[in-house]
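Notes follow the structure.
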Amino acid sequence: MTVITRFAPSPTGRLHVGNIRTALHNWLWARKQGGRFLLRLDDTDSERSKEEHVEAIRADLAWLGMDVDGEERQSARFDRYDAAFERLRAAGRVYACYETPQELELKRKILLGRGKPPVYDRAALDLTDRQIADHEAEGRTPHWRFKLDHDTPIAWDDLIRGPQHFDPALLSDPVIRREDGSWLYMLPSAVDDAEMGITHVVRGEDHVTNTGLQLQMFDAMNALPPAFAHEALLVGSEGKLSKRLGSLGVETFREDGIEPMAVVSLLARIGTSDPVEPFTEAAPLIESFDFARFGRAPARFDGEELQTLNAKILHQLDYDAVAARLPQGMGADGWQAIRPNLTTLSEASDWWHVVEGPVDSVAIDAETEAFLDQAAEIAATLDWSDAAWKRLTGELKEKSGRKGKALFLPLRQALTGRDHGPEMASLLPLIGKDRAIARLARRL
Ligand code: GLU
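Last residue of the sequence shown: 447 (the numbering used here), numbering continuous.
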């Protein structure tokens with residue numbers, strides 16, 4: 004059996020961090036199993052679905068390194084949904100309803116007022132031909148419900164949540180099609196999962212009840228249902244489902260200089276019992292992916308954790324992996340020297356600017372001026388081929404009698420214009436002899 008998973012966003016906006024996490028888990032599972040990962044665009048709502056969002060979804064997945072083995076669009080499959088609808092209708096599993104939203108709301112309120120669950124009462128099944136004719140004469144068009152089989156209990160063994168049970172009699176027959184013929188999410192998704200041979204559906208736990216309903220749809224269509232894994236939802240570090248998370252996506256990550264693998268490393272592991280670790284490639288995450296590791300508590304997304312992870316990943320990246328994004332002229336030596344000081348890649352150009360100069364001048368006293376003059380002299384006579392920083396400071400220490408901070412800080416300040424930064428031993432060869440002498444002599 005080839006494992007086939009799908010990520011099924013509605014292209015009504017950009018992906019947010021919660022969608023990305025769901026996509027990632029579907030992708031990791033497919034890759035682990037040597038299976039296929041499909042992008043299914045749930046674009047039955049022609050008004051809200053936009054081509055620009057479709058393109059952004061593709062671009063976001065590509066940026067994150069989630070390669071897609073196939074793409075399907077629901078808007079191209081209306082004939083399939085019609086056919087399934089007609090078969091279910093002929094089998095008595097789909098029925099027409101004429102209640103207005105107001106009437107339905109009233110029924111709900113009455114039931115709730117009596118302390119009962121607001122389950123649809125199936126009044127439409129008792130309509131006589133006469134009543135139906137009257138409704139149609141009034142210009143009412145029906146919406147359609149899927150008729151649950153009350154005699155067959157709903158049960159599945161969820162890959163994350165374990166055994167799940169629902170009594171269908173306590174659920175409303177779901178509306179699957181609106182008055183205007185448009186589709187709600189429920190049936191097209193089940194038709195697609197069946198016809199596309201989806202073996203595993205990984206999605207948020209907000210879909211648990213839908214799964215119960217859809218299992219009866221698979222049954223009514225004589226289709227084998229996929230396995231289901233419902234993951235606990237994502238919350239912000241403050242512990243709530245925040246609005247901020249809903250608008251946080253690849254666009255912001257890119258603007259903030261976050262590496263794709265930082266996002267992937269974090270989202271693959273939060274909410275699981277495996278530790279969040281900085282990975283520069285997906286292979287170990289694919290290898291270790293396991294539904295049994297997922298917990299039932301919400302997964303916490305922490306922006307600071309993402310930044311820390313990002314820095315740790317940058318510190319491991321080879322020059323070749325980043326060369327195209329580095330400032331002009333910065334080679335492998337430059338990357339090695341600067342890499343440990345980065346939290347985002349964009350900071351590389353600040354440090355490269357420090358190497359190339361001009362650097363900022365730092366205020367110094369007369370004593371330090373003399374010390375730097377001495378340093379410039381030594382620098383001019385020094386053998387620069389090897390360990391220049393060590394030789395320079397070694398000689399200076401002896402001649403000036405300075406040591407520790409008094410020795411090192413004025414040199415760093417004069418050479419870089421800053422108090423902190425990358426190791427001087429690796430920075431000095433990049434700055435080079437001429438520039439170093441000029442900076443020590445305050446000819447910036
Ligand atoms: N388009 C649905 C959603 O975004 C898909 C849910 C599913 O995975 O079945 O909620």
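C-beta: ideal position from N, C-alpha, C; glycine also.
- Here A235 is near A302, since their CB atoms are less than 7 Å apart.
- Inclusion of D277 and S268 in the CB contact set at 7 Å is not warranted, their separation being larger than that value.
- Around the beta-carbon of P229, 16 or more other beta-carbon atoms lie within 10 Å, marking it buried.
- Spanning the alpha carbons of L109 and K119 requires a straight line of approximately 14 Å.
- Taking all protein chains in view, the Cβ of K150 is crowded by 16 or more other Cβ atoms within 10 Å, so the residue is classified as buried.
- Per DSSP, the unbroken beta strand (DSSP E) holding A230 starts and ends at A230 to E234.
- By the neighbour-count criterion, in which 16 or more other beta carbons inside 10 Å mark a residue as buried, T214 falls on the buried side.
- If you draw a 10 Å sphere on the C-beta of P425, you find 16 or more other C-beta atoms in it, and that means buried.
- Sorted by position in the chain, A11, S13, D45, S192 and R206 make up the residues whose C-beta lies under 5 Å from a heavy atom of ligand 1.
- Sequence-distant Cβ neighbours of P343 in its own chain, meaning closer than 8 Å and more than five residues away, are H318, P425 and E426.
- Rounded to the nearest angstrom, the Cβ distance from V362 to R442 is 6 Å, consistent with a contact under 8 Å.
- Taking the Cβ atoms as the reference, I23 lies roughly 34 Å from L91, outside the contact range of under 8 Å.
- DSSP places G306 within a helical segment (H, G or I) once states are collapsed to three.
- Where W159 is concerned, the enclosing beta strand (DSSP E) starts and stops at I157 to D161.
- Around the C-beta of P104, fewer than 16 other C-beta atoms lie within 10 Å, and the residue is accordingly described as exposed.
- The beta carbons of I316 and P287 sit no closer together than 7 Å.
- If you draw a 10 Å sphere on the C-beta of A271, you find 16 or more other C-beta atoms in it, and that means buried.
- In the DSSP assignment, R34 falls within the unbroken alpha helix (DSSP H) covering V20 to K35.
- DSSP, read as helix, strand or coil, puts V71 in coil.
- DSSP places F81 in the uninterrupted alpha helix (DSSP H) bounded by F81 to A93.
- Counting the other Cβ atoms within 10 Å of the Cβ of S192 gives 16 or more, which makes it buried.
- Looking only at H146, R445, A383 and K436, the smallest Cα-Cα distance to G420 is reached by R445.
- When DSSP states are grouped into helix, strand and coil, I261 belongs to the coil group.
- Our two residues, E75 and M224, have alpha carbons roughly 21 Å apart in a direct line.
- Its Cα nearest to that of M333, the residue L430 stands out among L430, D259 and D437.
- Each residue's CA atom was taken as its position, placing A127 and E106 some 12 Å apart.
- Looking at the DSSP output, W147 bridges to A99 and R180.
- Taking 8 Å as the upper bound for CB-CB distance, R9 and R43 are in contact here, some 5 Å apart.
- A direct Cα-Cα distance of roughly 8 Å separates A285 from M264.
- Around the beta-carbon of M69, 16 or more other beta-carbon atoms lie within 10 Å, marking it buried.
- Contact between H146 and E182 holds, with the beta-carbon distance rounding to 5 Å and staying under 8 Å.
- Listed as beta-bridge partners of R206 by DSSP are H233.
- Between V205 and T396 a beta carbon distance of about 57 Å is seen, past the 8 Å cut, so the two are scored as non-contacting.
- Straight-line spacing of the CA atoms in R80 and F256 works out to 34 Å.
- D46 and A11 have their C-alpha atoms some 10 Å from each other.
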